[in-house]
Each structure stands twice: as C-alpha cells, then as structure tokens.
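By the count of the working numbering, the sequence shown reaches residue 614 at its end, each step adding exactly one. Here a beta-carbon is modelled for each residue, glycine too, at the ideal position from N, C-alpha and C. Please read these numbers as outputs of a predicted model, since none were measured by experiment.
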Amino acid sequence: MAGPKVYNIHQMSRRFVFLIALIALAVLGTAASPWTLPGGGLSAELTQHVKDRYGLDLTVRGRSTFAVLPIPRVKFENVTLRFPNEALRAEGGTLRGELRVLPLLFGRIELSDFDLSETKLIGSLQKVQAVDWPKVFRNGASESHARRLVINKSSLRWTDLKAANLDRINIVIRWTDASEPLTVAGTAEWRDEPVVVEKASIFPDLLASDRISPFTLTLSSPFARIAAEGEAQLGETPRITGESTIKATSVRDFTRWSGLDLPFGSLLRAISLNGDFSMDRRRLSWPAVAVTLGSDKLEGTMGVRFDTDRPIITGTLAADTVNLSDLFAPFSLARTSSGAWSEEGIDLARATGMDLDLRLSAASASLGRLSLDDMAASVLVQPGRIEASIGRADFYDGTLKGRLSLVSRNGVVDFKSQGTYSNVKIAPFLTAMGEPRWINGRAQGQFSFEGQGKNPADVIRQAEGRSNIELTEGEIVGITLQDALRRVEKRPLLASLNWKGGRTPFDKAEAQIVVKDGVGEIVEGTLKGPAVQADLRGQILLPERALRVTADVSAADAPATQTPALVFDVTGDWDNVAVTPQVRSLIERSGAAKPLFPSERVPANRQGPQAVAQ
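Structure, rendered in structure tokens:
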C-alpha cells in the first residue's frame with residue numbers, strides 16, 4: 001500500500017513543477033513581449049519625466065509599447081520633441097528608451113537611454129546660441145540623467161543656416177557619470193559626402209560651474225581632417241585653448257565641396273596647419289603655427305577675426321623655400337593653346353570669398369617660371385579685389401620690387417601693375433621665361449601697365465603704360481655686327497647672305513616704350529658698343545603678340561647724320577622673332593646697283609631712264 005502512495009505523490013510533484021514552469025514561461029513570455037498600451041497613461045508619465053528632467057516637450061501621436069524583459073523598455077511612434085524656445089525640435093520618427101528598474105518598482109518612469117530614429121531635426125542657430133547652456137548642463141549633471149542618446153537614420157535642417165544641413169545622421173552621445181566626460185561619435189552626410197566624428201569629449205559639469213573643462217575633437221571627411229584638444233570654458237567670456245591640426249588633401253576640392261570660399265581656395269592643393277591656438281567670440285588665433293603648403297613648410301602666426309562684416313584671415317609666415325606657382329596659374333590661362341589671348345571671362349569671386357591680409361617672406365620662392373630669393377611680400381584680398389606686392393627680392397642676381405592689383409566691378413576687371421628692377425642678369429631671366437638667350441648683360445629699369453576688360457584679350461587691347469630698360473656690359477648673341485659692317489663695306493650684296501653667328505658686345509643699350517591701346521611705341525632706343533652703334537624704332541603689338549621694329553646699325557665713330565651702314569628688320573610674333581637685313585639698304589650701298597635707286601625723283605611729265613650704268 002505504501003508503494004502506490006509514494007508513486008502518486010511523485011507524479012503529482014512532477015505535474016506541479018511542470019505547471020509552475022508553464023506559468024513562469026507564460027509570465028516570462030508576457031514580460032518579454034511588447035504590450036501595446038492605450039494613449040494617455042504611459043506616454044503622459046514619460047512626457048512629464050522628459051519635461052521635468054530635460055526641459056523638453058514630448059508629444060506622442062502614434063502607438064506606445066512597453067516590455068519588461070530582458071530590460072524594461074518603451075517605444076513611442078510618431079513623436080515630436082521640442083527644445084526650449086524651439087531652438088531644436090525633432091519631428092516624426094520613433095523614440096525608444098530603456099527604463100531604470102528601481103524607480104519603476106516605485107511607480108516612476110525614468111529613462112536611462114534614448115534612441116531616436118528616422119526623425120527630422122529642425123534647428124535655428126540663432127536660438128541655439130541664445131540657450132542658457134550652463135543651466136542645461138547643470139540640470140543634466142544630476143545622477144539620474146540619461147546615460148546615452150542615439151540618433152540614427154535621421155536628418156538635420158537649419159532654418160537660418162541651410163549650408164549646414166545634414167543627412168543620414170547616425171550618432172551616439174554618452175554621459176555615464178558626472179565625473180566622466182560627455183562623448184560623441186558617429187557619422188553624417190554633408191553635401192552628399194560622409195563626415196565622421198571620430199572622437200569628441202567635454203565635461204558638462206565643469207562647464208556648468210564656469211570651470212575649465214578638458215576637451216577633444218576629431219572630424220574627418222574625404223577632403224579634410226580636423227583634430228584639436230585642450231581646454232574650454234564658458235561664462236561671460238567663453239574661451240577655448242589647445243593644440244590643433246587641420247589638413248586638406250586638396251583645398252580646391254574642399255572649397256568646391258564645402259562651398260566655403262577661402263582666399264585662393266580654387267587654386268591651392270594640399271595644405272595643413274599645426275600649432276597651439278586660442279579662440280573666443282572675436283578671434284581664432286595661432287600664436288605659433290606651422291603651415292605645410294604642398295612640400296613647403298612655413299612658420300609664423302595666423303588668425304581669423306570674426307568681429308567684422310566678413311571673416312578676415314591674417315598671418316605672418318616665413319619659409320626657407322615656397323612654391324607659389326599655383327597662385328599664378330590663372331596668368332598662364334590668359335593665353336589659349338594657339339597662343340592668342342583668351343576671350344574667357346575673368347572671375348575673381350571664387351578667389352576673394354574671404355578677406356586675407358598676409359605677410360610672407362622666403363629665402364627662395366617660385367612664382368610660375370620665375371625664381372626669387374630673400375623675398376618679402378604681402379597679399380591683400382577683399383571682395384572682388386586682390387593686391388600683391390613684393391617689397392624686395394633678389395631677382396637673377398639683382399633686385400626687384402613690384403605691385404599687382406586686380407579689381408572686379410560689374411564684371412569688368414581693372415588690372416594694374418608696376419615695378420622696378422636693378423642689376424638683373426637678363427640671360428637667365430630669358431631662359432626662365434622660355435625664351436632663347438639672344439642677349440645678355442645687366443638690366444635695370446621700371447615699368448607700369450594697366451588695362452580694363454572682361455577677359456584677358458580686352459585688357460590687352462585697352463592696355464596703357466610705360467616702360468624703360470637699360471642694359472650694360474652685355475652682348476647680342478647670334479650676330480657679329482662689327483664683322484657685318486666690315487663685310488658690307490667690301491661686298492654689300494654678299495653681306496646679306498652671311499651675317500649670322502658670333503656675338504656683338506655693347507657698353508650700353510636702352511629703350512623707352514610708351515603703350516597706348518595695346519600698342520607699345522619705341523620712343524627711344526639705342527645701343528652703343530666699342531665697335532658699333534644702333535638706333536631702334538618701331539612698335540610692339542600687344543594684342544597680336546608681335547614685333548615691328550627697325551634697327552639702324554653704324555660704326556661706333558660714325559656721325560649721327562650719316563646714313564646707317566646696315567638696317568635690320570625685327571619682325572614676327574614673340575615666340576618666333578625674325579631678324580633680317582633690309583636688302584634695299586645693302587643694294588643702295590653697292591656701287592654697281594646704287595644708280596638703280598636715284599636719289600632725285602623723276603618728274604611725272606618726264607620718262608625716267610630704263611637703266612643707269614656706271
């Protein structure tokens with residue numbers, strides 16, 4: 001009898017345990033499954049919690065669900081969150097949150113984590129700047145603040161800063177404890193390119209109490225990278241100090257992508273800035289900065305002023321070597337591939353989008369094809385205006401000073417340049433400009449040139465100016481004029497067949513040129529050497545890039561009133577100059593052929609001789 005009773009008791013125990021297990025599973029399943037709740041209660045509790053704790057207005061228009069396991073959590077669909085004074089608001093999307101267990105046991109709703117997805121953020125920069133951020137941080141410094149805010153698959157639209165709109169925002173904001181920093185990491189799309197917040201941190205509780213907070217910030221994009229760390233402080237005079245590194249793989253690509261019109265941004269390639277900095281409401285400055293431009297390194301000071309109508313970049317930089325050829329690239333585009341002056345309009349807008357006041361010095365500098373040593377220069381950029389000057393520079397063993405300005409008004413550019421040079425070796429200068437070394441010596445002189453137009457061709461056609469040059473102790477390469485004079489005295493007609501080769505030394509050569517409407521007139525041109533002298537006359541045609549010059553050559557001791565022994569025509573375009581003796585002048589010197597050119601004109605009513613023999 002005892003055996004069956006024991007069996008029944010065991011059987012009943014197993015059934016009871018199984019029943020308890022089923023009930024537990026049902027409870028667990030129920031707890032783990034989200035419950036759809038009617039509007040009102042839960043959303044009203046959460047709305048009040050968000051208002052009291054964070055000062056945000058929450059409106060729920062969609063479903064509200066609640067689940068207990070594995071972590072108590074809530075989800076609200078089609079929500080709207082509003083920051084005080086509408087500085088920011090989130091419209092639509094889904095709000096998920098994890099609930100703290102202990103307050104929940106006492107019937108209170110407190111979120112430990114926020115997750116806002118597929119929402120549209122709308123902000124006003126002006127209103128964001130007006131928020132009392134110390135007060136916001138003080139409220140958030142409570143022990144029961146939310147530890148994490150996740151925003152994903154969302155967008156940001158500014159009412160007063162449309163250039164900063166963001167798409168595909170996926171970002172995580174963490175603040176686990178008041179003694180720990182608030183950190184930010186994530187990605188977003190700006191102008192269809194990804195921007196990554198690799199690292200950002202700050203101590204809100206320190207900022208809220210007007211104390212200094214350490215901070216870090218690292219942003220990257222396909223075109224640029226910014227990294228900074230240091231200290232920040234709010235209060236009446238907010239200030240940030242620390243060390244920063246800014247790198248752009250291509251300033252041209254960065255300005256094209258960002259829409260930020262940096263001075264000469266459309267011309268520059270890779271650049272980086274590294275150094276200690278300080279920033280307040282008026283100014284961002286680097287008291288000691290290293291700037292890498294391509295492969296060149298410059299050091300000095302830089303700053304950006306914000307208390308003006310337009311931001312102004314200022315700086316004083318020095319370098320051992322610097323290549324500024326990129327800045328002079330537009331001048332190479334003034335000519336087309338065929339060699340003619342370009343008819344394409346001159347646009348200064350992209351190069352003058354932000355003001356610049358820069359002082360630059362370099363032991364060696366390259367400006368396109370030109371080389372300068374011990375250069376001291378300055379660059380000033382203002383709306384529609386570029387001014388550049390060289391205070392002094394060593395220039396091909398001599399010195400150079402000059403000024404250049406471009407001013408755009410109503411689509412018309414006013415171009416002006418002027419300069420002086422002294423003791424310059426002319427032969428290496430010609431080589432640098434891609435011209436043959438047809439003359440050498442030491443040059444000195446000055447020039448001024450100006451013109452107006454919508455394109456380079458217009459500027460050249462309307463050009464006016466003046467230039468004078470003096471060469472001393474030089475040589476003309478490719479012709480021996482003293483030998484040509486001797487040959488022309490003996491056999492004038494054969495001299496025209498054999499005049500090239502050798503060199504013609506001279507003591508001094510000078511020319512004065514006056515430019516008007518694109519035509520340069522040689523008002524005075526002379527050459528004096530030990531054995532020869534020459535006078536130049538003619539024109540330099542700037543629009544056609546051509547020469548139309550005549551050189552009268554005589555022996556050094558010939559009287560000024562004597563007919564020149566040789567006459568050369570210097571003609572052709574600048575890239576293909578032809579120097580040829582005038583055949584008529586040689587024939588006239590020939591005793592046999594001279595009667596063919598009588599000095600007296602034959603009267604119209606009398607027939608001239610068919611030939612004259614001597």
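Query                                                                                                                                                                     : Result
Buried or exposed for Asp619, please, with buried defined as at least 16 other CB atoms from any protein chain shown within 10 angstroms of its CB.                       : Given that the chain is displayed from residue 1 to residue 614, the structure contains no residue 619 and the question cannot be resolved.
So, with DSSP's three-state summary, where would you put Trp257?                                                                                                          : helix
Measure the CB-CB distance between Arg283 and Gly265 and report whether it falls below 8 Å.                                                                               : no
Out of Thr526, Asp569, Asp261, Lys51, point me to the one whose CA is closest to Ala351's CA.                                                                             : Asp261
For Gly474 and Asp507, I'd like the C-alpha separation in whole angstroms.                                                                                                : 7 Å
Can you tell me whether Pro287 is buried or exposed? The criterion is at least 16 other CB atoms within 10 Å of its CB, across all chains shown.                          : exposed
Can the beta-carbon of Thr119 be found less than 8 Å from the beta-carbon of Glu91?                                                                                       : yes
Name the residue from Arg369, Ile346, Asn423 whose alpha carbon lies nearest to the alpha carbon of Lys454.                                                               : Ile346
For Met354, which beta-bridge partners are listed by DSSP?                                                                                                                : Met354 is not bridged to any residue.
Is it the case that the Cβ atoms of Ser213 and Ile202 are separated by a distance below 8 Å?                                                                              : yes
Near Ile23, which residues of its chain fall below 7 Å by C-beta distance, leaving aside the five closest residues on each side in sequence?                              : Interpretation of Ile23 is limited by its pLDDT of 48, a score under 50 that renders its predicted location unreliable; no figure is taken from the coordinates.
Assuming Arg89 contacts Asp115 under a Cβ cut-off of 8 Å, what Cβ separation, rounded to an integer in Å, is found between them?                                          : That belief does not hold up - the Cβ atoms of Arg89 and Asp115 are roughly 18 Å apart, past 8 Å.
Tell whether a beta-carbon distance below 8 Å holds between Thr504 and Ile476.                                                                                            : yes
Along the chain, where does the beta strand (DSSP E) containing Asp535 start, and where does it finish?                                                                   : 532-541
Should Phe331 go down as buried or exposed, given a rule of 16 or more other Cβ atoms within 10 Å for buried?                                                             : exposed
By Cβ distance below 6 Å, which residues in the same chain neighbour Asp320 in space, the five residues on each side in sequence not counted?                             : Ala363
Would you call the stretch 307-324 and the stretch 431-440 touching, i.e. three or more CB-CB distances under 8 Å?                                                        : no
Hey, could you find the ends of the alpha helix (DSSP H) Gln126 is sitting in?                                                                                            : 125-130
Tell me whether Phe429 sits in a helix, a strand or coil according to DSSP, three-state version.                                                                          : helix
Ile171 lies in the beta strand (DSSP E); which residues open and close that run?                                                                                          : 166-174
Counting pairs of Cβ atoms below 8 Å between the stretch 334-341 and the stretch 286-302, do you hit three or more?                                                       : no
Return the chain-ordered list of same chain residues with a C-beta closer than 8 Å to the C-beta of Gly391, the five sequence neighbours on each side being excluded.     : Ala376, Ala377, Ser378, Lys401
Roughly how many angstroms lie between the CA atoms of Gln233 and Leu206, to the nearest whole one?                                                                       : 8 Å
Extract the residue ranges of the beta strand (DSSP E) inside the stretch 223-249, only unbroken runs of 3 or more that lie entirely within it.                           : 224-233, 239-248
By Cβ distance below 7 Å, which residues in the same chain neighbour Arg369 in space, the five residues on each side in sequence not counted?                             : Ala432, Met433, Gly434
Can you list, in chain order, the residues of its chain with a C-beta nearer than 6 Å to that of Asn274? Leave out the 5 residues immediately preceding and following it. : Thr245, Ala290
Following the continuous alpha helix (DSSP H) through Ile271, name the residue where it begins and the one where it ends.                                                 : Run containing Ile271: none in the alpha helix (DSSP H); it sits in the beta strand (DSSP E), 271-279.
Here's the rule I'm using: 16 or more other beta-carbon atoms within 10 Å means buried, otherwise exposed. How should Gln129 be labelled?                                 : exposed
Spatial neighbours of Glu189 within its chain, please: C-beta separation below 6 Å, excluding the five flanking residues on both sides.                                   : Asp167, Arg168
Helix, strand or coil for Pro505? Go by DSSP, reduced to three states.                                                                                                    : strand
Report the residue from Leu99, Thr314, Asp326, Asp373 whose alpha carbon sits nearest the alpha carbon of Gln382.                                                         : Thr314
Could you tell me the alpha carbon to alpha carbon distance between Ala329 and Ser342, rounded to whole angstroms?                                                        : 14 Å
Using a Cβ-Cβ cutoff of less than 6 Å, which residues in the same chain neighbour Leu542 once the five nearest sequence positions on both sides are dropped?              : Ile460, Ala463, Gly518
Can you find the residues in the same chain that come closer than 6 Å, C-beta to C-beta, to Arg359, ignoring five residues on each side of it along the sequence?         : Thr316, Ser378
Let me know the secondary structure DSSP gives Lys454 once reduced to three states.                                                                                       : coil
So the candidates are Phe83, Ile540, Ala270; which of them puts its Cα closest to the Cα of Leu58?                                                                        : Phe83
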